[in-house]
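This report concerns only the one structure given below.
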Amino acid sequence: MMRCISCGAEYSDDEIIYTCSKCGSILEVICQPNVSKDVFQCRKSTMWKYKEFMPVDPAGIVSLEEGGTPFCKCDKLGNELGIELYVKVEGSNPTGSFKDRGMSVGITKAMELGVDTVGCASTGNTSASLAAYAARAGLKCVVLLPSGKVALGKLAQAMFHGAQVLSVRGNFDQALEAITSLALEGHLYLLNSINPYRLEGQKSIGFEIVDDLSWKSPDRIILPVGNAGNISAIWKGVTEFHRAGFIDDLPRMTGIQAEGAAPIAHAIWEGLNDIEPVENPETVATAIRIGAPVSSKKAIRAITESDGLAETVSDEEILSAQKLLARTEGIGVEPASAASIAGLIKLVNSGKIDKGEQVVCVVTGHVLKDPNVAINACEEPIEIDPNIDSLLKAIKGD
Ligand SMILES: *Cc1c(COP(=O)(O)O)cnc(C)c1O
Ligand SMILES: [Zn+2]
């Protein structure tokens with residue numbers, strides 16, 4: 154069953170609907186099975202380990218074995234900041250971002266509904282993931298990308314997996330509006346995160362974090378926020394496990410936005426229930442370059458209910474955190490993902506995160522997604538002749 158988060162109107166699972174037809178607000182899937190956590194034991198560590206909590210028939214799932222991503226304790230960075238730090242590495246998913254979790258459920262649902270075409274608007278990773286899962290399911294796939302604003306790796310993936318890629322003269326928010334109209338006329342099944350089934354897959358990040366911590370909640374989960382689906386999904390996941398009695402406490406949800414695209418942070422600071430859209434969002438972190446996040450209401454609830462925080466970071470802070478994580482811990486992430494680390498540093502320095510807190514930063518996508526940013530952050534390789542003298546000279550630096 155789906156339920157409107159504002160007026161509570163309920164909709165059947167076999168209805169193709171994205172927003173409440175009574176009040177226009179967004180929907181969530183209701184899914185609270187009555188099982189013991191013992192059922193998870195001895196299962197392969199993919200997101201389908203928690204299949205009882207997924208609102209699709211497990212017999213027909215479309216999967217590339219997404220989830221079960223690394224949960225790395227980062228002592229060097231943690232000690233420097235005076236906290237206990239874990240990094241959840243979502244770049245290790247099949248197409249290199251957490252979007253795969255949502256697409257596995259979303260495409261499985263598309264098959265159950267019997268549609269033949271799926272589509273999305275995307276800042277890059279959603280289209281890369283959708284293209285791969287649509288290929289695996291044998292569905293036609295249409296993706297809309299904002300012209301010139303998509304990182305190279307993501308564009309390559311969407312095209313290579315055989316999606317029809319359309320470059321839109323406009324930004325993400327405008328592309329989403331266009332493809333949503335098409336979906337509402339029934340021409341395709343929309344798999345942006347306004348589709349509540351996407352978030353059902355992504356809530357497994359929350360499941361895995363508390364499972365990784367031996368059924369305890371961390372003090373805090375920090376992640377980058379763009380369209381705000383993921384922070385809402387992770388909160389949904391941890392609250393479902395809390396309600397099921399698997400964990401005693403809940404984490405403080407902490408969302409980080411880029412300064413030039415921060416409607417949710419501003420709403421939180423001003424105590425508002427919804428956002429004021431940003432007309433022309435701008436940031437180097439293209440995955441969170443979003444001015445009118447569709448899941449803003451859910452995200453604001455997640456942050457408020459969990460007594461969490463919102464923070465903004467500059468492009469400079471993002472790029473420096475990206476390099477720091479790569480060089481102190483060996484974890485390569487794309488710029489948007491580094492916003493969580495940049496935000497952590499800022500919140501520790503301003504005293505809003507306490508010393509000794511146990512913090513999980515979710516890093517959302519792989520460094521190779523945006524090779525141009527990575528290359529531009531480095532010096533050119535030194536060219537040498539293939540002999541021991543010039544090699545020695547180069548590594549000794551004289
Ligand atoms: C999609 C994405 C985000 C933003 O997630 P939302 O659910 O839109 O808030 C952040 N980082 C990366 C790498 C992404 O692909
Ligand atoms: Zn409603």
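So the sequence shown is numbered by my numbering: it starts at 154 and just counts up by one. Quick reminder that beta carbons are idealized off the backbone N, C-alpha and C, glycines included. In this text the structure is predicted, and so the values were computed from the model without any measurement.
- Take Ser370, set aside five residues on each side of it, and the residues of its chain with a beta-carbon closer than 6 angstroms to its own are Val363, Ile400, Asp402, Leu403 and Pro404, in chain order.
- Remark: C-beta atoms of Ala304 and Gly277 approach each other more closely than 8 angstroms.
- Between Ile494 and Leu478, the beta carbon gap of about 5 angstroms places them in contact (Cβ cut-off 8 angstroms).
- For Ser346, the distance from the CB to the nearest heavy atom of ligand 1 is below 7 angstroms.
- Distance from the CA of Glu393 to the CA of Arg156, rounded to the nearest whole angstrom, comes to 15 angstroms.
- DSSP links Lys241 through a beta bridge to Phe224 and Val515.
- Remark: the C-beta of Ile170 is outside contact range of ligand 1, defined as less than 7 angstroms to any heavy atom.
- Counting along the chain, the unbroken beta strand (DSSP E) around Pro377 starts and ends at Arg373 to Pro377.
- When the alpha-carbon of Gly255 is set against those of Val318, Val271, Ala287 and Ser346, the nearest one is in Ser346.
- Counting the other CB atoms within 10 Å of its CB gives Met154 a total below 16, which places it among the exposed residues.
- With respect to the 8 angstroms criterion, Thr261 and Ser245 are not classified as neighbours on the basis of their beta carbons.
- Distances from the alpha-carbon of Ala381 to those of Ser449, Glu432 and Leu266 put Ser449 closest.
- When the Cα atoms are used, Ser159 and Ala455 turn out to be separated by approximately 14 angstroms.
- The beta carbons of Val516 and Ser490 sit closer together than 8 angstroms.
- Distances taken from the Cβ of Ile332 to the heavy atoms of ligand 1 include none shorter than 7 angstroms.
- By the neighbour-count criterion, in which a residue is buried when 16 or more other Cβ atoms sit within 10 angstroms of its Cβ, Glu532 is exposed.
- Assigned with DSSP and collapsed to three states, Gln327 falls in helix.
- Inclusion of Ala162 in the 7 angstroms shell around ligand 2 follows from its C-beta lying nearer than that to a non-hydrogen atom of the ligand.
- The C-beta of Ser367 has fewer than 16 other C-beta atoms within 10 Å across all chains shown, which makes the residue exposed.
- Within the same chain, Gly255, Ser346, Gly382, Ser385, Ala386 and Lys389 come within 7 angstroms of Leu352 by CB-CB distance, once the 5 residues on both sides are set aside.
- If the five residues before and after Ser473 are omitted, its C-beta is found closer than 8 angstroms to the C-beta atoms of Ala495, all from its own chain and listed in chain order.
- Here the stretch 217–233 makes no contact with the stretch 457–471; the two share fewer than three CB pairs at distances below 8 angstroms.
- Listed in chain order, the non-local C-beta contacts of Ala415 below 6 angstroms within the same chain comprise Thr465, local neighbours out to five positions each way being set aside.
- Taking 8 angstroms as the cut-off, the beta carbon of Thr248 is found closer than this to the beta carbon of Ala285.
- If you check the CB distance, Tyr164 and Val258 do not come in under 8 angstroms.
- Taking the Cβ atoms as the reference, Val318 lies roughly 5 angstroms from Met312, within the contact range of under 8 angstroms.
- By the 16-neighbour rule on beta-carbons within 10 angstroms, Ala463 is buried.
- A residue is called buried once 16 or more other Cβ atoms fall within 10 Å of its Cβ, and Glu423, having fewer, is exposed.
- Checking the 7 angstroms criterion, the Cβ of Ser178 is within range of a heavy atom belonging to ligand 2.
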